[in-house]
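Trainee:
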Amino acid sequence: MSDFQALQTAAANPAFPALRQSDARAAAAPKDFVIDAMRGFAALLVAYFHCRQVVWVGMEQFHRALGHALNPGAIAGYLTLPIAWGSAGVPIFFVISGYCIHRNAALRLAANPQYRLDARNFWARRFARIYPVLLAALLLTLALDTISLHFPPVSHKIRDIGLYPFLVNLFSLQGVAGYTYGSNGALWTLSLEVQFYAVYPLVFAARRRFGMNAVLAAVAIVNVASALLLERHDVQFFTSYWLSWMIGAYIADVRATAADGSRGKSALWYAAAAALTALGCAAFHFGQYGAFQLWALGFACYLYKALDRTAPPHLASRVLARLGDFSYSLYLVHLPIFVCLGSVLFRSSLQLSIWPSLAFMPVAIGIAYGFYRLVELPAMQWSGSIKPKTR
Numbered sequence: 017m018s019d020f021q022a023l024q025t026a027a028a029n030p031a032f033p034a035l036r037q038s039d040a041r042a043a044a045a046p047k048d049f050v051i052d053a054m055r056g057f058a059a060l061l062v063a064y065f066h067c068r069q070v071v072w073v074g075m076e077q078f079h080r081a082l083g084h085a086l087n088p089g090a091i092a093g094y095l096t097l098p099i100a101w102g103s104a105g106v107p108i109f110f111v112i113s114g115y116c117i118h119r120n121a122a123l124r125l126a127a128n129p130q131y132r133l134d135a136r137n138f139w140a141r142r143f144a145r146i147y148p149v150l151l152a153a154l155l156l157t158l159a160l161d162t163i164s165l166h167f168p169p170v171s172h173k174i175r176d177i178g179l180y181p182f183l184v185n186l187f188s189l190q191g192v193a194g195y196t197y198g199s200n201g202a203l204w205t206l207s208l209e210v211q212f213y214a215v216y217p218l219v220f221a222a223r224r225r226f227g228m229n230a231v232l233a234a235v236a237i238v239n240v241a242s243a244l245l246l247e248r249h250d251v252q253f254f255t256s257y258w259l260s261w262m263i264g265a266y267i268a269d270v271r272a273t274a275a276d277g278s279r280g281k282s283a284l285w286y287a288a289a290a291a292l293t294a295l296g297c298a299a300f301h302f303g304q305y306g307a308f309q310l311w312a313l314g315f316a317c318y319l320y321k322a323l324d325r326t327a328p329p330h331l332a333s334r335v336l337a338r339l340g341d342f343s344y345s346l347y348l349v350h351l352p353i354f355v356c357l358g359s360v361l362f363r364s365s366l367q368l369s370i371w372p373s374l375a376f377m378p379v380a381i382g383i384a385y386g387f388y389r390l391v392e393l394p395a396m397q398w399s400g401s402i403k404p405k406t407r
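176 is the number that the working numbering gives to position 160 of the sequence shown; each next residue is one higher, with no gaps.
#1: Rounded to whole angstroms, what's the CA-CA distance from C433 to D324? Just pull it up for me.
#2: I'd like to know if the region 337–357 and the region 198–206 are in contact, where contact means that at least 3 CB-CB pairs between them fall below 8 angstroms.
#3: Helix, strand or coil: how does DSSP classify T196 here?
#4: Quick one: what does DSSP say Q130 is sitting in, helix, strand or coil?
#5: I'd like the list of long-range same chain contacts for Y180, defined as Cβ closer than 8 angstroms, with 5 residues on each side in sequence excluded.
#6: Taking the C-alpha atoms as reference points, what is the distance between H249 and F315?
#7: Helix, strand or coil: how does DSSP classify C356 here?
#8: Do M228 and Y266 come within 8 angstroms of each other at the CB atom, strictly closer than that value?
#9: Going along the chain, which residues of its own chain have a beta-carbon closer than 6 angstroms to the beta-carbon of I108, five neighbours each way excluded?
#10: On a CA-only basis, which of V73, G386, A214 and I177 is nearest Q367? Give me that one, please.
#11: What is the DSSP secondary structure of G277, reduced to helix, strand or coil?
#12: Spell out the partners DSSP gives W72 in its beta bridges.
#13: When DSSP labels each residue in this structure, what does Q397 get in the three-state scheme?
#14: Quick one: what does DSSP say Q77 is sitting in, helix, strand or coil?
#15: Kindly indicate the opening and closing residues of the alpha helix (DSSP H) around W285.
#16: Which of the three DSSP states is assigned to Q211 in this structure?
#17: Go ahead and label A233 buried or exposed: buried means 16 or more other beta carbons lie within 10 angstroms of its beta carbon, across all protein chains shown.
#18: Note down the Cα distance separating E392 from R119, rounded to an integer number of angstroms.
#19: Where does Q252 fall in DSSP's three states?
#20: Exposed or buried, which one is S365 when buried takes at least 16 other CB atoms within 10 Å?
#21: Looking only at C-alpha atoms, which of L348, W311 and L390 sits nearest to W101?
#22: Looking only at C-alpha atoms, which of S188, R55 and R363 sits nearest to T205?
#23: Around the C-beta of K173, are 16 or more other C-beta atoms found within 10 angstroms, so that it is buried, or is it exposed?
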């Protein structure tokens, strides 16, 4: 089945506005399952990366204290070494976002070259999807940080929780007009996402006029120039991370227009994905920016071929896909939860044992799921109810 046929089949389903929900996944194409599973993987990776930072002493001090001990706690601690590169989850999110945002429009454009994106409808749907959840997450951050502040010494993760940083984050200007709100440092990427959405109608118009290859090349140039000019001054604007998002959109565009079976051998793409990911891990020791570009390219190679899979998903993929359903909620609330737990239980002191960090994860996942049911799911339904005007 082609991507366009899959879209037509899904659109005929009465549950189409809520296809990402688990009840409809059985009727969805396998490629949607891959996206949810990778989204869940990225959310877990980033969440536990932050959890180790908040709770644990770190690998160097851990090794200095335990040496070559082989007790269960030591083995568990050493097994978390790959999490040191947990920030790789961020470019994974960007690639997935670019793919998902552009996919339907790319399919429609492939079927009808005269198709035009309804920018107002697109922005309205994105607003309904993002901002109710963001507002609730900021309020939850305020509540949890207020608790954390009552258990000195205060965690260094907690920034200002006043009105100005609240508004900066509510309007997605963190990184430009201020810092992230309170302990919720993960919000730095959300401002970039919103900025991606703001310019996407212009990107789509440029795609129609000049083609995706030209647009991708222009974005690559802007991406490098922005990083050289802004990142050195600690200004985080979407243009410095635009390429990873556009790579995802590029995959959606290519898959919408390419014939089935013309995408090359899987082994070559997966080998390229592994090599680029390893290079990204090596580059991370010299700076985050270069590593992000390599990780984005590596994941893009993986995604490009993984979307072709038709085999039934295994258990791990099903679990990750379930987490992917509420990955946005988990991403938004996990850090304030970890900081609050660390403040209440340990007075923000870093623990030599790895077990507390592992124990904090199910707590964050449980709270995030409740947050998803109460806040994110209604926002998804509101977004799905906003239909474009009939032309």
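For glycine and all other residues, C-beta sits at the position ideal for the given N, C-alpha and C.
Mentor: Per the coordinate set shown:
#1: A query on residue 433 cannot be resolved here, the shown segment of the chain reaching from 17 to 407 and no further.
#2: yes
#3: coil
#4: coil
#5: G194
#6: 28 angstroms
#7: helix
#8: yes
#9: A58 and F315
#10: V73
#11: Note that G277 scores a pLDDT of 47, beneath 50, so its modelled location is shaky; the value from the coordinates is reported in the next line. Coil, per DSSP.
#12: Q367
#13: helix
#14: helix
#15: S282 to A299
#16: helix
#17: exposed
#18: 22 angstroms
#19: coil
#20: exposed
#21: W311
#22: S188
#23: buried
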